[in-house]
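Protein chains: 2
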Amino acid sequence: MVGPEIDRLMQLLGRLPGLGPRSARRAALALIKKREGLLLPLAEALTAVAESVRTCAVCGNYDTQDPCAVCRDERRDKSLICVVQDVSDLWALERTSAFRGRYQVLGGLLSALEGVAPEDLAIDKLVARVRDDAVTEVILALPATVDGQTTAHYIADALEAEGVTVSGLAQGVPVGGELDYLDDGTLLAALNARRPV
Amino acid sequence: MVGPEIDRLMQLLGRLPGLGPRSARRAALALIKKREGLLLPLAEALTAVAESVRTCAVCGNYDTQDPCAVCRDERRDKSLICVVQDVSDLWALERTSAFRGRYQVLGGLLSALEGVAPEDLAIDKLVARVRDDAVTEVILALPATVDGQTTAHYIADALEAEGVTVSGLAQGVPVGGELDYLDDGTLLAALNARRPV
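Protein chains in written order, with the UniProt record's numbering: chain A, 1 to 197; chain B, 1 to 197.
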């Protein structure tokens with residue numbers, strides 16, 4: 001029905017997260033309709049990213065320079081490292097503008113089920129950085145899942161001999177969260193970690 | 001936070017239908033992670049489409065050849081034209097494999113509100129094709145909206161002198177549709193167009 005070029009474009013678009021076959025078709029049509037305004041600029045942007053984006057050798061972030069903008073920023077506190085599972089989590093924390101230290105991207109979580117062992121993650125690198133950069137605190141910003149908490153405990157153990165403070169994100173009621181809609185685990189955690197008003 | 005190349009990629013992805021800022025960010029990260037498997041192939045596919053896709057001079061379809069595959073297919077009935085609003089509708093009808101005639105893409109619908117006049121649509125072209133190709137039936141596969149039906153009536157009037165049968169899609173209960181969830185208009189139309197079982 002359509003030429004092989006359009007077909008291939010629809011298939012590739014359908015492999016992006018959040019796009020199914022139907023929305024990939026709509027996206028392909030929108031691109032064909034906006035040839036000058038969207039299709040060609042997107043092709044150029046993809047090529048530019050492919051040519052320029054590197055993984056930061058220090059923390060594992062993606063940027064056009066290596067070390068990345070976060071690691072190069074001299075105003076940032078070198079003695080503070082925030083450990084995240086993935087680059088998307090690093091970007092999410094950067095959007096809050098609240099953290100002024102540096103990061104370490106793990107590249108995953110320990111998982112017996114998926115066969116992810118400590119040596120598959122950047123844990124040795126984290127320990128080496130803690131040692132070399134005189135780090136005083138490591139914040140574990142890992143997901144509140146079984147794998148996330150297993151990984152957090154493993155890292156805390158690995159850092160025990162380094163004399164560094166290891167902390168985790170607070171658990172509790174999310175901003176704007178209605179108690180009625182929260183799961184029991186979150187409510188229990190929020191109750192246990194209650195604070196004076 | 002991220003390099004200008006990544007930022008631009010996220011902005012362009014966010015202009016695709018179905019992708020908001022959040023999913024554009026996820027898509028950009030997925031592309032960076034799968035550089036060889038997804039990013040480079042997508043850049044190539046976009047360039048290939050930009051270079052090869054044409055608008056069919058006969059019917060208005062998109063294809064890598066002009067006339068398009070539908071118009072070139074000699075097994076198709078030239079005396080039957082199906083009028084659609086957009087290329088996406090043509091593709092939707094082609095997926096059913098039920099229509100063996102040819103198409104005319106209008107490129108929109110008449111709309112006083114949006115200032116779309118008959119000369120902005122391919123109506124003159126349709127009338128000329130009906131005359132030149134000895135067309136016997138024109139099927140108006142236009143949306144069941146006010147603009148769609150206004151356009152259908154306008155086209156029926158324009159074709160009145162040509163002695164061609166003009167038909168529209170049947171209205172009724174969609175396949176798998178529960179009566180309880182249907183709007184009153186659809187139920188009324190289905191009732192009025194009832195058929196012997």
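C-beta atoms are modelled at their ideal positions from N, C-alpha and C, and glycine is treated no differently.
Predicted model, so just to flag it, every value in this text is computed and none were measured.
Residue from the options with nearest C-alpha to residue i
i, options, result
"Pro-118 of chain B", "B:Leu-106, B:Ala-128 and B:Arg-129", "B:Leu-106"
"Tyr-62 of chain B", "A:Ala-28, A:Ala-50 and A:Ala-134", "A:Ala-28"
"Gln-11 of chain A", "B:Leu-38, B:Asp-7 and B:Gly-185", "B:Leu-38"
"Ser-88 of chain A", "B:Pro-17, B:Gln-65 and B:Ser-23", "B:Ser-23"
"residue 286 of chain A", "A:Arg-102, A:Val-175 and A:Ala-190", "Nothing can be reported for residue 286 of chain A, as the shown portion of chain A is limited to 1 through 197."
"Val-83 of chain A", "A:Lys-34, A:Val-135 and A:Ala-43", "A:Val-135"
"Glu-162 of chain A", "A:Arg-129, A:Asp-180, A:Ala-170 and A:Asn-192", "A:Arg-129"
"Glu-5 of chain B", "A:Leu-9, A:Val-49 and A:Gly-18", "A:Val-49"
"Ala-193 of chain B", "B:Gly-185, B:Gln-171 and B:Tyr-181", "B:Gln-171"
"Asp-147 of chain A", "A:Val-173, A:Leu-113 and A:Arg-75", "A:Leu-113"
"Ser-97 of chain B", "B:Val-70, B:Asp-86 and B:Gly-20", "B:Val-70"
"Leu-31 of chain B", "A:Val-173, A:Leu-169 and A:Gly-18", "A:Gly-18"
"residue 198 of chain B", "A:Asp-77, A:Val-197 and A:Glu-51", "The requested residue 198 of chain B is not part of the displayed model; chain B covers only 1 to 197."
"Asp-73 of chain A", "B:Val-197, B:Gly-177, B:Val-2 and B:Ala-190", "B:Val-2"
"Gln-85 of chain B", "B:Gly-60, B:Leu-13, B:Ala-43 and B:Asp-77", "B:Gly-60"
"Thr-145 of chain B", "B:Leu-179, B:Gly-185, B:Glu-178 and B:Glu-160", "B:Gly-185"
"Ser-79 of chain A", "A:Gln-104, A:Glu-44 and A:Leu-40", "A:Gln-104"
"Ala-45 of chain B", "A:Glu-36, A:Asp-7, A:Leu-188 and A:Asp-183", "A:Asp-7"
"Leu-142 of chain A", "A:Leu-187, A:Thr-47 and A:Leu-90", "A:Leu-90"
Own chain, CB closer than 7 angstroms to residue i, minus 5 neighbours either side, in chain order
i, result
"Asp-120 of chain B", "Gly-108"
"Phe-99 of chain B", "Cys-82 and Leu-93"
"Arg-25 of chain A", "Met-10"
"Gly-168 of chain A", "Leu-140 and Ala-152"
"Asp-77 of chain A", "Arg-100 and Gly-101"
"Leu-182 of chain B", "Val-173"
"Pro-21 of chain A", "Gly-14"
"Ala-158 of chain A", "Ile-123 and Val-127"
"Lys-34 of chain A", "none"
"Cys-68 of chain A", "Cys-56, Cys-59 and Asn-61"
The alpha helix (DSSP H) enclosing residue i, as first and last residue numbers
i, result
"Arg-26 of chain B", "21-33"
"residue 198 of chain B", "Absent from the model: residue 198 of chain B. The displayed extent of chain B is 1 to 197, so no value can be given."
"Val-197 of chain B", "That residue, Val-197 of chain B, is in no alpha helix (DSSP H); it is neither H nor E in DSSP."
"Val-173 of chain A", "Here Val-173 of chain A belongs to no alpha helix (DSSP H), and DSSP marks it neither H nor E."
"Thr-151 of chain A", "146-158"
"Asp-124 of chain A", "123-132"
"Cys-71 of chain A", "69-72"
Identified DSSP bridge partners for residue i
i, result
"Ile-139 of chain B", "B:Cys-82 and B:Ser-167"
"Tyr-62 of chain B", "B:Thr-55"
"Val-105 of chain B", "B:Val-84"
"Val-116 of chain B", "B:Ser-111"
Residues near residue i by beta carbon distance below 6 angstroms, same chain, minus five either side
i, result
"residue 215 of chain B", "What the structure shows of chain B is the stretch from 1 to 197, and residue 215 of chain B is not part of that stretch, so it cannot be assessed."
"Ala-190 of chain B", "Gly-172 and Val-173"
"Asp-133 of chain B", "Lys-78"
Own chain partners of residue i with C-beta closer than 8 angstroms, once the 5 adjacent residues on each side are dropped
i, result
"Val-155 of chain A", "Checking the displayed sequence, the identity of residue 155 of chain A turns out to be Ile instead of Val. Only Val-83, Ile-123, Leu-126, Val-138, Leu-140 and Val-166 meet the Cβ criterion."
"Val-164 of chain A", "Val-130, Val-135, Thr-136, Glu-137 and Val-138"
"Leu-110 of chain A", "Val-116, Ala-117, Pro-118, Leu-121, Asp-147, Thr-150, Thr-151 and Tyr-154"
"Thr-64 of chain A", "Ser-52, Val-53 and Arg-54"
"Leu-188 of chain A", "none"
"Leu-42 of chain A", "Leu-31"
"Leu-179 of chain B", "Val-173 and Leu-187"
heavy atom of the ligand SAH below 7 angstroms from residue i C-beta
i, result
"Glu-114 of chain B", "The ligand SAH is not part of the structure shown, which contains no ligands of any sort."
Chain-ordered neighbours of residue i on chain D, where CB pairs are closer than 9 angstroms
i, result
"Leu-187 of chain A", "Here the protein chains are A and B, and chain D is not one of them."
Next on the checklist: What are the residues in the UniProt domain "Toprim" (79-174) of chain A lying within 7 angstroms of chain B by C-beta distance?
Outcome noted: From the UniProt domain "Toprim" (79-174) of chain A, only Val-87, Ser-88, Trp-91 and Glu-94 have a Cβ closer than 7 angstroms to chain B.
Next on the checklist: Along the stretch 9-27 of chain A, where does the CB come closer than 8 angstroms to a CB of chain B? Name the residues.
Outcome noted: Leu-9, Leu-12, Leu-13, Arg-15, Leu-16, Pro-17, Gly-18, Leu-19, Ser-23, Arg-25, Arg-26 and Ala-27
Next on the checklist: Beta carbons nearer than 8 angstroms to chain A: which residues of the stretch 39-60 of chain B have them?
Outcome noted: Taking 8 angstroms as the Cβ-Cβ cut-off against chain A, the residues of the stretch 39-60 of chain B that qualify are Leu-39, Leu-40, Pro-41, Leu-42, Ala-43, Ala-45, Leu-46, Thr-47, Ala-48, Val-49, Ala-50, Ser-52 and Val-53.
Item to check | Chain-ordered residues of the stretch 65-78 of chain A with a beta carbon less than 8 angstroms from chain B | outcome: Gln-65, Ala-69 and Val-70
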